[in-house]
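Protein sequences appear in the order of chains A and B. For what it's worth, the working numbering labels the leading residue of the first sequence as 1, then goes sequentially. For what it's worth, the working numbering labels the leading residue of the second sequence as 114, then goes sequentially. Just so you know, even glycine gets a beta-carbon here, dropped at the ideal spot from N, CA and C. These numbers were taken from a predicted model, which means no experiment stands behind them. So the structure is just underneath, and the comments pick up after that.
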Amino acid sequence: MKRKEQIEQEIQKTMSCFKNAKKIEAGPFFSARLQAKINTYETNKNRSWGKIFTMEYLQPALLLVFLLANILTATLIIGNNNAESLSRTEILKKLAEEYSFQQEEYSLLTFSE
Amino acid sequence: MIEALKRGDTNAFNMLVKEFQNKVIATCFRFTHSKEDAEDVAQEVFIEIHKSISRFREDSSLSTWIYRISVTKSLDYLRKKKRKKRYGIVRSILGLENDVEIIPASSNSLPDVRLEQKERALVLRNSVDALPDNQKVAITLSQYEGFSNKEVADIMDTTVSAVESLLHRAKSNLHKKLYNYYENEL
Numbered sequence: 001m002k003r004k005e006q007i008e009q010e011i012q013k014t015m016s017c018f019k020n021a022k023k024i025e026a027g028p029f030f031s032a033r034l035q036a037k038i039n040t041y042e043t044n045k046n047r048s049w050g051k052i053f054t055m056e057y058l059q060p061a062l063l064l065v066f067l068l069a070n071i072l073t074a075t076l077i078i079g080n081n082n083a084e085s086l087s088r089t090e091i092l093k094k095l096a097e098e099y100s101f102q103q104e105e106y107s108l109l110t111f112s113e
Numbered sequence: 114m115i116e117a118l119k120r121g122d123t124n125a126f127n128m129l130v131k132e133f134q135n136k137v138i139a140t141c142f143r144f145t146h147s148k149e150d151a152e153d154v155a156q157e158v159f160i161e162i163h164k165s166i167s168r169f170r171e172d173s174s175l176s177t178w179i180y181r182i183s184v185t186k187s188l189d190y191l192r193k194k195k196r197k198k199r200y201g202i203v204r205s206i207l208g209l210e211n212d213v214e215i216i217p218a219s220s221n222s223l224p225d226v227r228l229e230q231k232e233r234a235l236v237l238r239n240s241v242d243a244l245p246d247n248q249k250v251a252i253t254l255s256q257y258e259g260f261s262n263k264e265v266a267d268i269m270d271t272t273v274s275a276v277e278s279l280l281h282r283a284k285s286n287l288h289k290k291l292y293n294y295y296e297n298e299l
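Below, the structure written as structure tokens:
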């Protein structure tokens, strides 16, 4: 029982810390920093490009356009790579045929005693 | 003053900032636990006020609206911080987080008493942090900031009875957490 009372006493002491909480005040440059941020916001708001990016209903549309453009570009690049590799393979085959590297035609290299 | 703010009067806005900056920073500090972060969030609050004042419907008082934005921005900060925390283990290992609330020393208190108060404040703060958002907001506004139940209800855009219920549950949860803590400590 005594232990329970002891715990309750600790809880009450801890809960009283609400009243002793630190008072916080703004730093000396708070207003200046805020004014700078607001000036930047106002400047961007007035620019035409800035206007586009701050129009909330256009932001998802622009994001979608950029994503589609990236997907299209990636598809084209991958497609080109495949086309190039095929042509490389074909080139190698032609070279092999031209220089007779296929085994059946090693007549010069085989000899019999 | 509201009309002047809606007209974009710079002097009126500066007066508003001067009047409310400490109160907004103090409210934000209860959630961020860092003075630097509290100032950053407070700046976002005033920028939001600047952007949205023309849409302020005056269905509540200006101060209620300002505190409501402060609480919303503070909760947004906490959600962002939780997402960053998943990748921020290194920062905490390097001690780059500044989570300690410093209790000012009273001129006639002994060092060990101050340390004890600091530890208690930290235990209380961690227990409040572990509450669900709505209970945390209610208890912070009521106990740390000293708002009446009616003022808390206005800020949270709810009824007085809802706030009373939230405070009751918050205090009950705090009591349970503190009981478990001291049961293990003592």
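- request: Could you tell me whether any Cβ in chain D is nearer than 7 Å to the Cβ of lysine 45(A)?
  value: This model lacks chain D altogether; the protein chains it does include are A and B.
field: Three-state secondary structure (DSSP) of leucine 244(B)
entry: Sequence index remark: in the second sequence, residue 244(B) carries index 131 (1-based). Residue state, collapsed to three classes: coil.
message: Can you look up serine 62(B) in the DSSP assignment and give me helix, strand or coil?
response: Not covered by the structure: residue 62(B). The range shown for chain B is 114 to 299.
query: If you measure from the beta carbon of glutamate 10(A) to each beta carbon in chain B, is any gap under 7 Å?
result: Here the question's residue 10(A) lines up with position 10 in the first sequence. Yes, glutamate 10(A) lies at the interface with chain B (some Cβ there is under 7 Å from its Cβ).
query: Applying a beta-carbon distance threshold of less than 7 Å, which residues of chain A neighbour tyrosine 295(B)?
result: Stepping through the second sequence from its first residue, residue 295(B) is reached at position 182. Those are Ile7, Glu10 and Ile11, listed as they occur along chain A.
query: Using the beta-carbon count (16 or more within 10 Å), is glutamate 214(B) buried or exposed?
result: Mapped onto the second sequence, residue 214(B) falls at position 101. Interpretation of glutamate 214(B) is limited by its pLDDT of 45, a score under 50 that renders its predicted location unreliable; no figure is taken from the coordinates.
field: Under 9 Å from the C-beta of asparagine 135(B): neighbouring residues of chain A
entry: Numbered from its first residue, the second sequence carries residue 135(B) at position 22. Within chain A, the residues near asparagine 135(B) are Lys23, Ile24, Glu25 and Ala26.
message: So, at 6 Å on beta carbons, what are the nonlocal neighbours of tyrosine 180(B) in its own chain, with the 5 sequence-adjacent residues on each side left out?
response: The count along the second sequence starts at 1 and reaches residue 180(B) at position 67. Only Ile268 meet the Cβ criterion.
query: Straight-line CA distance for histidine 288(B) to leucine 129(B)?
result: As a first step, residue 288(B) must be located in the second sequence, where it is residue number 175. As a first step, residue 129(B) must be located in the second sequence, where it is residue number 16. Those two C-alpha atoms are separated by around 38 Å.
task: For glutamate 98(A), count neighbouring C-beta atoms within 10 Å of its own C-beta (all shown protein chains included) and say buried if the count is 16 or more, exposed if not.
output: Here residue 98(A) is taken as the residue at index 98 of the first sequence, counted from 1. Glutamate 98(A) is exposed by the Cβ-count criterion.
field: Cutoff 7 Å; reference alanine 125(B); Cβ partners in own chain excluding five residues on either side
entry: Position 12 of the second sequence, counted from the first residue, corresponds to residue 125(B). Same-chain partners within the cutoff: Met114, Ala117 and Leu118.
query: Can you find a CB in chain B that lies within less than 7 Å of the CB of leucine 34(A)?
result: For the purposes of this step, residue 34(A) is taken as the residue at position 34 of the first sequence. By this cut-off, leucine 34(A) is an interface position.
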